[in-house]
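A.B. asks: Protein chains in written order, with the numbering used here: chain A, 1 to 213; chain B, 1001 to 1464.
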Amino acid sequence: MEKFCTFTGIVAPLDRANIDTDAIIPKQFLKSIHRSGFGPNLFDEWRYLDHGEPGIDCSNRPLNQGFILNKDPYQQASILLTRENFGCGSSREHAPWALAEFGFKTLIAESFADIFYNNCFKNGILPITFSKDIIQFLFEKAEENTGFTFTVNLEDQILIDSSGNVFEFKLEVYRKNALLNGLDDIGLTLSHENEIIVFEKNHQIMQPWLFTS
Amino acid sequence: MSGKTLYDKLWESHLVRENDDGTSLLYIDRQLIHEVTSPQAFEGMRITNRSLWRSETNVAVPDHNIPTKDRYKGISDPISKLQVDTLDENCDSFQIKEFKMTDPNQGIVHVIGPEQGLTLPGMTIVCGDSHTSTHGALGALAFGIGTSEVEHVMTTQCLIQQKSKNMLIKVNGQLKKGITAKDLILAIIGKIGTAGGTGYAIEFGGDAIKALSMEGRMTVCNMTIEAGARAGLIAVDQTTIDYVKGKPFAPKGELWEKAVTYWKTLQSDSDAEFDKIVEMDAIDINPMVTWGTSPEMVIDIDGMIPFNENGIHEPALNYMDLEKGTRIKDIALDKVFIGSCTNSRIEDLREAAKVVEGKKIANSIKLAMVVPGSGPVKEQAEQEGLDKIFIDAGFEWREPGCSMCLAMNADRLEPGERCASTSNRNFEGRQGQGGRTHLVSPPMAAAAAINGYFVNVVNDEWVN
Chain A
1 MEKFCTFTGI
11 VAPLDRANID
21 TDAIIPKQFL
31 KSIHRSGFGP
41 NLFDEWRYLD
51 HGEPGIDCSN
61 RPLNQGFILN
71 KDPYQQASIL
81 LTRENFGCGS
91 SREHAPWALA
101 EFGFKTLIAE
111 SFADIFYNNC
121 FKNGILPITF
131 SKDIIQFLFE
141 KAEENTGFTF
151 TVNLEDQILI
161 DSSGNVFEFK
171 LEVYRKNALL
181 NGLDDIGLTL
191 SHENEIIVFE
201 KNHQIMQPWL
211 FTS
Chain B
1001 MSGKTLYDKL
1011 WESHLVREND
1021 DGTSLLYIDR
1031 QLIHEVTSPQ
1041 AFEGMRITNR
1051 SLWRSETNVA
1061 VPDHNIPTKD
1071 RYKGISDPIS
1081 KLQVDTLDEN
1091 CDSFQIKEFK
1101 MTDPNQGIVH
1111 VIGPEQGLTL
1121 PGMTIVCGDS
1131 HTSTHGALGA
1141 LAFGIGTSEV
1151 EHVMTTQCLI
1161 QQKSKNMLIK
1171 VNGQLKKGIT
1181 AKDLILAIIG
1191 KIGTAGGTGY
1201 AIEFGGDAIK
1211 ALSMEGRMTV
1221 CNMTIEAGAR
1231 AGLIAVDQTT
1241 IDYVKGKPFA
1251 PKGELWEKAV
1261 TYWKTLQSDS
1271 DAEFDKIVEM
1281 DAIDINPMVT
1291 WGTSPEMVID
1301 IDGMIPFNEN
1311 GIHEPALNYM
1321 DLEKGTRIKD
1331 IALDKVFIGS
1341 CTNSRIEDLR
1351 EAAKVVEGKK
1361 IANSIKLAMV
1371 VPGSGPVKEQ
1381 AEQEGLDKIF
1391 IDAGFEWREP
1401 GCSMCLAMNA
1411 DRLEPGERCA
1421 STSNRNFEGR
1431 QGQGGRTHLV
1441 SPPMAAAAAI
1451 NGYFVNVVND
1461 EWVN
């Protein structure tokens, strides 16, 4: 995974609560056996006017011009602003894959669903939560200033707007480190291989029926 | 010092190490695998040249995008076929036990786990599927994970986790006659909301939960994720132990006795402290119907679509083509789906069959289908003659799979069609682009099929 570096990006406001992973990437695209290729189908049912299927070239499909990501300059957005419980529903990691491939590096919401939140960190995406009031303030700001930008500084855990206003955000240390260092979780866990083996031997003594096959 | 919750006990008995940064390494006893969320994990293992830590703890089954009729013809959609073939190849080359599409024991992953005894009390169980919460009904710590974590478990037998908070949902008293576990969990979601359980492991307790069958408990735990919690739990009792006994992969003989002794300790201590407690009275719960595009948009059958002042329901009502103030009983259906990991077990089919027996589906219903959760459920139902009851009433009787719960296969709604569904999600497009889903219990879906409209199955009013 690539290391998460400070960047400045356009904030796309997507004003809906409870956006589920079915909406982020509809099920027909989950038939892929690959990790990439999902970006053009991000929010497929909202983004296009026709029905999308895997393998179809999206560049010729009719766009829903009313959808935020089809409006100028949000095609270039790298920060998504949304409401509470973003990413609820299915555990599909295809959702953060699609968001990352579109270009989103940071998501801002009042809250995120647990599994989705966790999946983001495995894919270099930083999900940030703010209180309802701040989220509302940011939506109003986005309404007033088309294409407003934030500089995302994970090291200092701050967002800075173009006027220099600073918004601090909270994040658990291990999540921050994982993104900043682009760590390989599996490699990290395997560095504790001996402890896993010791646990396993003891576990087998305690619950031998789990080790019969 | 206060006692421990069931979640605390399961957590502690699987704790490999606590890291300095507040995370823990949790040992995983069982990983269930299906075709949709696993190919990239296998690919990752190949790229990094890593191997499975304990291959025998992994069990696979294709369920999401397999056909539910004419299965002997194979999978016609080449992309779906490639995904299922890829699962077969991966399981063969990594020596993972798989119930292939044509295996008589094939079924929905969350139905076959408990049914085969692959799910046992006290286990930690994961799967690249959010409805893994189902298995918590057996007193196991079970939750859905992403594909990166699937690979992590394959190669390390562990997950990096942060402990959740404890929530107890206590349902006092007894459900009224005819009220199902589905109505109960929909009422719970309606009360706490779809983000109400975020950050928590939810234990369900109280007399109404204790009185549920294992099938009912699985329905409740299944939809814990729709209440925002990754894991739902129910304490082990005699109902659990009786259910597990004799299952193909359950321990036998001396090991069984030893296991049962341990499993009987799998309850929250009487002095355990929960971070949050929600209490409900079972008597207040009626047949429930969702009216919007989130499971929390739910009301009882005698209700009407609520008025809201801030317009927050507008996108959902537009999508559903419904207006505030509409009576639920005035909603007409096009299709009826009985199935999914929520409601495709034998008890669900029995309850639905009871409603349709000797009746015909309404002329206005374009399609009513029953998709059993597994081969053994289908066989059992056929032995009891339930298939005949459904077919005589005009239902289609299908092969096991996820089917129209998420419409990855050919079973789906067309744009604008309205469905009474026993599944778990009423999201936009979930059952097919433009399709409109109302979540209900199996008897409610069955009664809607007969009547063409939603009716209160607990009263006799729908019998006409």
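Every residue gets a Cβ at the ideal spot worked out from N, C-alpha and C, and that includes glycine. This structure is a prediction, so every number in the text was calculated from the model and none was measured.
Note down, in chain order, all residues in the region 187-199 of chain A with a beta-carbon under 9 angstroms from any beta-carbon belonging to chain B.
C.D. replies: G187, L188, T189, L190, H192, E193, E195, I196, V198, F199
A.B. asks: To the nearest angstrom, how far is it from the Cα of D185/A to the Cα of H1152/B?
C.D. replies: 8 angstroms
A.B. asks: Is the shortest distance between the beta-carbon of P208/A and the beta-carbons of chain B less than 8 angstroms?
C.D. replies: yes
A.B. asks: Is L1006/B helix, strand or coil when you go by DSSP?
C.D. replies: helix
A.B. asks: Locate the alpha helix (DSSP H) running through G1375/B, then write down its first and last residues.
C.D. replies: 1375-1383
A.B. asks: Helix, strand or coil for D12/A, going by three-state DSSP, please let me know.
C.D. replies: Reading off the sequence, residue 12/A comes out as Ala, not Asp. If DSSP states are grouped into helix, strand and coil, A12/A belongs with the strands.
A.B. asks: Output, in chain order, the set of chain A residues within a Cβ distance shorter than 8 angstroms of G1228/B.
C.D. replies: N85, C88, A113, D114
A.B. asks: Go to P1114/B, then tell me how far its beta strand (DSSP E) extends in each direction, as first and last residue.
C.D. replies: No beta strand (DSSP E) contains P1114/B, which is instead part of the alpha helix (DSSP H) from 1109-1116.
A.B. asks: Which ranges would you report for the beta strand (DSSP E) in the region 1125-1157 of chain B if only whole runs of at least 3 residues count?
C.D. replies: 1141-1144
A.B. asks: My output table needs one value for E84/A: the three-state DSSP class, helix, strand or coil.
C.D. replies: coil
A.B. asks: Would P1295/B and E1226/B qualify as a contact pair, given that the criterion is a beta-carbon distance under 8 angstroms?
C.D. replies: yes
A.B. asks: Using DSSP with H/G/I as helix, E/B as strand and the rest coil, what is S1093/B?
C.D. replies: It is helical.
A.B. asks: Which of helix, strand or coil does DSSP assign to E193/A?
C.D. replies: helix
A.B. asks: Would N177/A and D1070/B qualify as a contact pair, given that the criterion is a beta-carbon distance under 8 angstroms?
C.D. replies: no
A.B. asks: What's the C-alpha gap between G1139/B and I1234/B?
C.D. replies: 5 angstroms
A.B. asks: Would you please state the rounded distance, in angstroms, between the beta carbons of Q28/A and E45/A? I believe it to be under 8 angstroms.
C.D. replies: At roughly 10 angstroms, the Cβ-Cβ gap does not stay under 8 angstroms, so Q28/A and E45/A are not in contact.
A.B. asks: Between Q1433/B and the rest of its own chain, which residues show a CB-CB distance below 7 angstroms, the 5 nearest in sequence each way excluded?
C.D. replies: P1415
A.B. asks: Alpha carbon to alpha carbon, how far is M1404/B from E1215/B? Give it in angstroms, no decimals.
C.D. replies: Approximately 20 angstroms, taken between the alpha carbons.
A.B. asks: Here's the rule I'm using: 16 or more other beta-carbon atoms within 10 Å means buried, otherwise exposed. How should Q1095/B be labelled?
C.D. replies: exposed
A.B. asks: When we look at the beta-carbon of E1018/B and count the other beta-carbons within 10 Å, is it buried (16 or more) or exposed?
C.D. replies: exposed
A.B. asks: Between the alpha carbons of I1192/B and T1005/B, how many angstroms are there, rounded?
C.D. replies: 21 angstroms
A.B. asks: From A100/A to E1257/B, what distance separates their C-alpha atoms?
C.D. replies: For A100/A and E1257/B, the distance between alpha carbons rounds to 51 angstroms.
A.B. asks: Do you know offhand how far N1090/B's Cα is from E200/A's?
C.D. replies: 26 angstroms
A.B. asks: With H94/A as the anchor, note down where its alpha helix (DSSP H) starts and where it stops.
C.D. replies: Run containing H94/A: 94-102, per the alpha helix (DSSP H) assignment.
A.B. asks: Since N1456/B and P1287/B should fall inside the 8 angstroms C-beta cutoff, what is the C-beta to C-beta distance between them, to a whole number of angstroms?
C.D. replies: Between P1287/B and N1456/B the Cβ distance is about 6 angstroms, and since that is below 8 angstroms, they are a contact.
A.B. asks: Report the CB separation of L126/A from V152/A in whole angstroms; it is logged as a contact under 8 angstroms.
C.D. replies: 7 angstroms
A.B. asks: Would you say the region 1126-1136 of chain B touches the region 82-98 of chain A, given that touching needs at least three Cβ pairs under 8 angstroms?
C.D. replies: yes
A.B. asks: Taking Cβ-Cβ distances shorter than 7 angstroms, what residues in chain B pair up with R61/A?
C.D. replies: Result: empty, since nearest Cβ-Cβ is about 13 angstroms, beyond 7 angstroms.
A.B. asks: Taking only runs of the alpha helix (DSSP H) that begin and end inside the region 133-207 of chain A, which ones reach a length of at least 4 residues, in chain order?
C.D. replies: For secondary structure counted as the alpha helix (DSSP H) over 4 or more consecutive residues, the region 133-207 of chain A holds these complete runs in sequence order: 173-181, 185-190, 193-206.
A.B. asks: Just list the beta strand (DSSP E) runs in the region 1280-1307 of chain B, keeping only unbroken ones of 3 residues or longer that don't cross its boundaries, in chain order.
C.D. replies: 1288-1290, 1298-1300
A.B. asks: Do G1452/B and G1362/B come within 8 angstroms of each other at the CB atom, strictly closer than that value?
C.D. replies: The sequence shown places Ala at residue 1362/B, not Gly. Closer than 8 angstroms, so yes.
A.B. asks: Cβ closer than 9 angstroms: which chain D residues qualify as neighbours of E172/A?
C.D. replies: No chain D appears in the structure shown, which is made up of the protein chains A and B.
A.B. asks: Output, in chain order, the set of chain A residues within a Cβ distance shorter than 7 angstroms of P1315/B.
C.D. replies: R16
A.B. asks: Just to make sure I have the definition right: I need the residues of chain A whose C-beta is within less than 8 angstroms of the C-beta of K1258/B. Which are they?
C.D. replies: P208, W209
A.B. asks: DSSP has F1395/B in a bridge; who is on the other side?
C.D. replies: F1395/B pairs with nothing; no bridge assigned.
A.B. asks: At which residues does the alpha helix (DSSP H) containing V1260/B begin and terminate?
C.D. replies: 1253-1263
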